[in-house]
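Protein chains: 2
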Amino acid sequence: MTISEVSEKYGLSQDTLRYYERIGVIPPVKRKAGGVRDYTEEDLGWIELAKCMRSAGLSMEALIQYVNLARQGDETIAARRDLLNDQRKQLMKQYEAIRAAKERLDYKISRYDEAMKTGRLSWDK
Amino acid sequence: MTISEVSEKYGLSQDTLRYYERIGVIPPVKRKAGGVRDYTEEDLGWIELAKCMRSAGLSMEALIQYVNLARQGDETIAARRDLLNDQRKQLMKQYEAIRAAKERLDYKISRYDEAMKTGRLSWDK
DNA sequence: ATAGCACCTGGAGTATACTCCAAGTCAAGA
DNA sequence: TCTTGACTTGGAGTATACTCCAGGTGCTAT
Chain A
1 MTISEVSEKY GLSQDTLRYY ERIGVIPPVK RKAGGVRDYT EEDLGWIELA KCMRSAGLSM
61 EALIQYVNLA RQGDETIAAR RDLLNDQRKQ LMKQYEAIRA AKERLDYKIS RYDEAMKTGR
121 LSWDK
Chain B
1001 MTISEVSEKY GLSQDTLRYY ERIGVIPPVK RKAGGVRDYT EEDLGWIELA KCMRSAGLSM
1061 EALIQYVNLA RQGDETIAAR RDLLNDQRKQ LMKQYEAIRA AKERLDYKIS RYDEAMKTGR
1121 LSWDK
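In order, the protein sequences belong to chains A and B.
At position 37 of the first sequence (counting the first as 1) the number is 37 in this note's numbering, and the numbers step up by one without a gap.
At position 109 of the second sequence (counting the first as 1) the number is 1109 in this note's numbering, and the numbers step up by one without a gap.
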């Protein structure tokens, strides 16, 4: 698969795909004649993982570490599990922060909806 | 309340508090003699709101817009409600992204835990 | 064979959100 | 009075994650 197809498929720019590979968020992609990237199914798996984790807010650094460990083989299994556990913890914190903010927004919005009827706001900012 | 007390109370650096005020994430804080900031309860409310929303991932820009609208008075009620609704939508998307990533992490972690028993990984990366 | 196009690399530039720093002011205690 | 320490401002610097660009290569269709 070419970089333009992958870009299309995952909604990541070609520059971003090359950048991810360059800094190690995904492992190196094999090239065909002329040095052109030819993405395999496995490469796509890494890209999708990176996209999923990035969209949830995981840092590039964590992803790079994970990829590095994965490339070192089976003796890094425990380290990888620990890394994933750490990231999961971070995610749960973020989840809670969003939940709290949403609750607050809901309250404010309900107040604004109420105020829309009377045309003024007497309570808070 | 002094900036050092506010910094302590909310876990935001003094630089961050001044920065927030400078760019308008919170409204201007009244000064006492010598130009020293003296935070009121209302100021604290804005700071707490900013902290809550920022920790959930809302952009500075959105917060600045909200503060600007709030400072313009009651004729911006509808605009503020719309802004909050937009931000709520963003938040829900982020919530879902985290949920999906967490699910994926949980699966991977369970696989790693399993692999810890056998000492090797046969399945995926 | 030559124009066009997709691709390549290395490096510079950008946006966001801080974070740090220099130089100065001011009030209070020794 | 002099020093200390908390505070002030404006501006520069930093980290993260892209994003853009110049200059070059190589396949393909005319």
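We put the CB at the ideal spot given by N, CA and C, even for glycine.
Computed from a prediction, not measured in an experiment: that's the story for all the values here.
What do you reckon, are the CB atoms on B/V1025 and B/R1037 nearer than 8 Å?
Cβ distance not < 8 Å, so B/V1025 and B/R1037 don't count as in contact.
When you compare only the Cα positions, how much space is there between A/A6 and A/Y39?
Here the sequence assigns Val to residue 6 of chain A, which means Ala is not the residue at that position. When rounded, the distance between both Cα atoms is 8 Å.
Quick check on DSSP: helix, strand or coil for B/K1102?
It is helical.
Using 8 Å for Cβ pairs, my map puts B/L1044 next to A/Q87. What's the rounded Cβ distance?
That belief does not hold up - the Cβ atoms of B/L1044 and A/Q87 are roughly 33 Å apart, past 8 Å.
Assuming A/A115 contacts B/I1003 under a Cβ cut-off of 8 Å, what Cβ separation, rounded to an integer in Å, is found between them?
Going by Cβ atoms, the distance from A/A115 to B/I1003 rounds to 33 Å, so no, they are not a contact pair.
Using a C-beta to C-beta distance shorter than 9 Å, which residues of chain A count as neighbours of B/K1009?
Per Cβ cutoff of 9 Å: no residues; B/K1009 is ~18 Å from chain A at best.
Measure from the C-beta of A/N85 to each C-beta in chain B and report whether the shortest distance is under 8 Å.
A/N85 counts as touching chain B.
Just verifying my parser: in three-state terms, what is the DSSP assignment at A/K32?
Here A/K32 sits in strand by DSSP.
Give the single residue among A/R80, A/A100, A/L12 whose Cα lies nearest to the Cα of A/N68.
Of the candidates A/R80, A/A100, A/L12, the one whose C-alpha sits nearest the C-alpha of A/N68 is A/R80.
Please classify B/E1096 as buried or exposed, where buried requires at least 16 other C-beta atoms within 10 Å of its C-beta.
Exposed, since its Cβ has fewer than 16 Cβ neighbours within 10 Å.
I think B/N1085 touches A/I98, with their Cβ atoms under 8 Å apart; what is that distance to the nearest whole Å?
That belief does not hold up - the Cβ atoms of B/N1085 and A/I98 are roughly 16 Å apart, past 8 Å.
Evaluate A/K51 with the Cβ neighbour count: other Cβ atoms within 10 Å of its Cβ, from every protein chain shown; 16 or more gives buried, anything less gives exposed.
By the 10 Å Cβ count, A/K51 comes out buried.
Taking 8 Å as the limit between beta carbons, can you name the residues of its chain near B/I1023, skipping five residues before and five after?
So the qualifying residues of the chain are M1060, I1064.
Do A/L91 and A/Y66 have their beta-carbon atoms positioned less than 8 Å apart in this structure?
No, these two residues do not count as a Cβ contact at 8 Å.
Given a threshold of 16 other Cβ atoms within 10 Å of its Cβ, counted over all protein chains shown, does A/T118 qualify as buried or as exposed?
So A/T118 ends up on the exposed side.
Give, in chain order, every residue of the region 102–115 of chain A whose Cβ lies closer than 8 Å to some Cβ of chain B.
So the list reads K102, R104, L105, D106, K108, I109, Y112, D113, A115, given in the order they occur along the chain.
Can you name the start and end residues of the alpha helix (DSSP H) that B/E1075 belongs to?
First-last for B/E1075: undefined, no H or E at that position.
How should A/R54 be labelled, buried or exposed, when 16 other C-beta atoms within 10 angstroms of its C-beta is the threshold for buried?
Flag for A/R54 reads buried.
From the DSSP output, read off the bridge partner residues of A/R18.
In the DSSP output, where bridge partners are listed per residue, A/R18 has none listed.
What residues of chain B sit near A/S4, judged by a beta carbon separation below 7 Å?
Chain B residues near A/S4: none, gap ~24 Å exceeds 7 Å.
Could you pull out every residue in the same chain whose Cβ sits closer than 7 Å to the Cβ of A/A56, ignoring the five residues on either side in sequence?
Excluding residues within five positions, the ones whose Cβ falls inside 7 Å are L91.
Taking 8 Å as the CB-CB limit, is B/Y1176 close to chain A?
Because residue 1176 of chain B is not part of the residues shown, which for chain B are 1001 to 1125, the question remains open.
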